[in-house]
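Peer 1:
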Amino acid sequence: MLQAFSASLPTPAAIPVSRLHPGWLHLRRPSFADFPATRPLVPPCLRSITNARSFCASALDFKGGKGMTEFVDVELKVRDYELDQYGVVNNAVYASYCQHGRHELLERLGINCDAVARTGDALALSELSLKFLAPLRSGDKFVVKVKISGSSAARLYFDHLIFKLPNQEPVLEAKATAVWLNKNYCPVRIPPEMRSKLVQFVRHEKSN
């Protein structure tokens with residue numbers, strides 16, 4: 361049966377020697393030298409990440425990304441309506457103290473938050489963490505210390521400390537992140553004129 365099957369298969373046609381092309385007799389295996397050298401491909405996404413990192417490193421380079429070295433002090437006094445039923449400052453009020461300190465710091469940098477809002481942009485708080493150490497009571501005087509601890513292309517990072525006066529008793533430690541938003545409430549890079557004010561302030565601080 362196998363013999364009958366093989367006999368039924370068509371016989372390959374032979375090519376006459378006279379019809380062979382001369383070049384066919386000199387075929388060789390291609391080598392790497394036959395192909396032009398090419399540069400390694402880098403995916404577009406990797407290029408964008410590299411550019412973003414380089415921008416973030418230089419956009420607001422506060423002494424290598426370490427931020428300000430000195431705190432800005434803002435002295436305040438506890439008001440009666442800030443107390444809770446236990447006779448101490450309500451824990452939610454401390455966020456307002458920190459916000460007041462940040463606004464005072466930005467004012468000294470030459471950045472007015474109301475002026476920023478009128479342009480349609482915003483410097484919005486995205487993160488806030490509070491660590492309570494001691495309470496404040498009615499009539500207590502205290503100081504809010506705040507500084508910019510670092511930055512990225514669209515964000516500023518703040519450190520806050522609150523001490524009771526005059527004995528400098530620690531009351532609060534806080535960290536906050538503020539992000540620059542456009543008119544559509546999307547994060548955008550901090551405008552160059554604002555970035556310049558921040559850098560100038562840090563340079564002035566360093567020179568003193």
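First residue of the sequence shown: 361, per our numbering; consecutive thereafter.
Even glycine gets a Cβ: it sits at the ideal position worked out from N, Cα and C.
These numbers come from a predicted model, not from an experiment.
#1: Nearest to Ala494 by CA position, among Arg468, Tyr454, Lys535, is which residue?
#2: Does DSSP put Ala538 in a helix, a strand or coil?
#3: Count the C-beta pairs between the region 519 to 526 and the region 542 to 556 that are closer than 8 Å, then say yes if the count reaches three, no if not.
#4: Give me the Cα-Cα distance between Cys458 and Gln528, rounded to the nearest whole angstrom.
#5: Note down, in chain order, each residue of its chain lying with its Cβ closer than 6 Å to the Cβ of Lys566, except the 5 sequence neighbours on either side.
#6: Can you give me the C-alpha to C-alpha distance between Trp540 and Leu443, rounded to a whole angstrom?
#7: Who are the near neighbours of Cys473 in its chain, counting only those whose CB is closer than 7 Å to its CB and skipping five residues on each side?
#8: How should Leu532 be labelled, buried or exposed, when 16 other C-beta atoms within 10 angstroms of its C-beta is the threshold for buried?
#9: For Tyr471 and Asp433, what's the separation of their Cα atoms in angstroms?
#10: Excluding five sequence neighbours on each side, which residues of the same chain lie with their C-beta closer than 8 Å to the C-beta of Asn321?
#11: Within the continuous beta strand (DSSP E) that includes Tyr441, where are the two ends?
#12: My output table needs one value for Glu631: the three-state DSSP class, helix, strand or coil.
#13: Looking at the structure shown, is Ser511 part of a helix, part of a strand, or coil, going by DSSP?
#14: Measuring alpha carbon to alpha carbon, tell me which of Asp440, Tyr446, Ala477 ends up nearest Asp500.
#15: Would you call the CB atoms of Lys535 and Phe502 closer than 7 Å?
#16: Would a C-beta distance cut-off of 7 Å place Ala514 and Pro551 closer than the cut-off?
Peer 2: Result, derived from the coordinates:
#1: As a position in the sequence shown, residue 494 is number 134, starting the count at 1. Ranking the options by Cα distance to Ala494, first place goes to Tyr454.
#2: Numbered from its first residue, the sequence shown carries residue 538 at position 178. Three-state result, Ala538: strand.
#3: no
#4: For the purposes of this step, residue 458 is taken as residue 98 along the sequence shown, with counting starting at 1. For the purposes of this step, residue 528 is taken as residue 168 along the sequence shown, with counting starting at 1. Using only the alpha carbons, I get a separation of about 17 Å.
#5: Taking the sequence shown and counting its residues from 1, one reaches residue 566 at position 206. Taken in chain order, the list of residues that qualify is empty.
#6: Here residue 540 refers to the residue found at position 180 of the sequence shown. Here residue 443 refers to the residue found at position 83 of the sequence shown. The alpha-carbon atoms of Trp540 and Leu443 are separated by roughly 33 Å.
#7: For the purposes of this step, residue 473 is taken as the residue at position 113 of the sequence shown. So the qualifying residues of the chain are His463, Leu466, Leu483.
#8: Translated into the one-based positions of the sequence shown, residue 532 becomes position 172. It counts as buried.
#9: To locate residue 471, count along the sequence shown from 1; it is residue 111. To locate residue 433, count along the sequence shown from 1; it is residue 73. The identity of residue 471 in the sequence shown is Ile, whereas the question assumes Tyr. If I take the Cα positions, the gap works out to 17 Å.
#10: One cannot answer for residue 321 here, as it falls past the ends of the chain, which runs 361 to 568.
#11: For the purposes of this step, residue 441 is taken as residue 81 along the sequence shown, with counting starting at 1. Neither: Tyr441 is in no beta strand (DSSP E) and is coded neither H nor E.
#12: A question about residue 631 goes unanswered here, because the residues of the chain that appear run from 361 up to 568.
#13: Position 151 of the sequence shown, counting from 1, holds the residue named residue 511. It is a strand residue.
#14: As a position in the sequence shown, residue 500 is number 140, starting the count at 1. When each option's Cα is compared against that of Asp500, the closest is Asp440.
#15: Here residue 535 refers to the residue found at position 175 of the sequence shown. Here residue 502 refers to the residue found at position 142 of the sequence shown. In this structure, Phe502 does not lie closer than 7 Å to Lys535 by Cβ.
#16: The residue given as residue 514 occupies position 154 in the sequence shown. The residue given as residue 551 occupies position 191 in the sequence shown. No; because the gap between Cβ atoms is not below 7 Å, this pair is not in contact.
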